[in-house]
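Take a look at the structure set out below.
Residue numbers (my numbering): 500 to 712.
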């Protein structure tokens, strides 16, 4: 009986000793859509994941309603209505900005536009603050919003200096977030997986996607 009692006492203690399983990352739920967007637009999947994590935490709803910021940014990638509309038309996406697949595709297309203009890590500042505001920062030295500075630290994994934000030639393979080899001069999800959609110019007058989100 004493042995049985000791065994019964030991079981709860053993259970308590088992480490708690880490909470699942909500961003992982969208791996399939992220992979598709990465391949289509030649943007590393890890960049997409980090932006999504910073923007929405991988959630599609907040308080039982589609996730929308106070400024009106929508969905997993928190796109402003004008940016969503432009990406939807250019890439024949659906009409629902909260559709996870289409929102991820649109956000990734916009990331690619920002990369093509500003390189790494400037694309993230432009995604958050808007390309016009970020270009003004580069031209005049005007400070970036505190939100954008914090955003850069979140998506790059550490503080980013003003010097690092200056446009400069950078092979995407040298960017810290790349987890896979890439072709020289062009970010890619996986080498040899087809050609990304080409993104025509003309969107950089937009200021709708910005820090006022």
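Don't be surprised by glycine CBs; every beta carbon is placed ideally from N, CA and C.
Since this is a predicted model, take the numbers as computed values, not measurements.
Asked: Residue closest to residue 611, alpha-carbon to alpha-carbon, out of 546, 579 and 528; Found: 546
Asked: Boundaries of the alpha helix (DSSP H) in which residue 585 is found, first to last residue; Found: 580 to 589
Asked: Where residue 559 falls: helix, strand or coil (DSSP); Found: coil
Asked: CB of residue 658 within 7 Å of CB of residue 652, strictly; Found: yes
Asked: Three-state secondary structure assigned by DSSP to residue 565; Found: strand
Asked: Residues near residue 550 by beta carbon distance below 8 Å, same chain, minus five either side; Found: 576, 606, 610, 623, 626 and 654
Asked: DSSP three-state assignment for residue 613, whether helix, strand or coil; Found: helix
Asked: C-alpha gap between residue 522 and residue 638, whole angstroms; Found: 43 Å
Asked: Cβ-based burial, residue 527 [other Cβ within 10 Å; buried from 16]; Found: exposed
Asked: Residue environment, residue 604, which counts as buried when at least 16 other CB atoms sit within 10 Å; Found: buried
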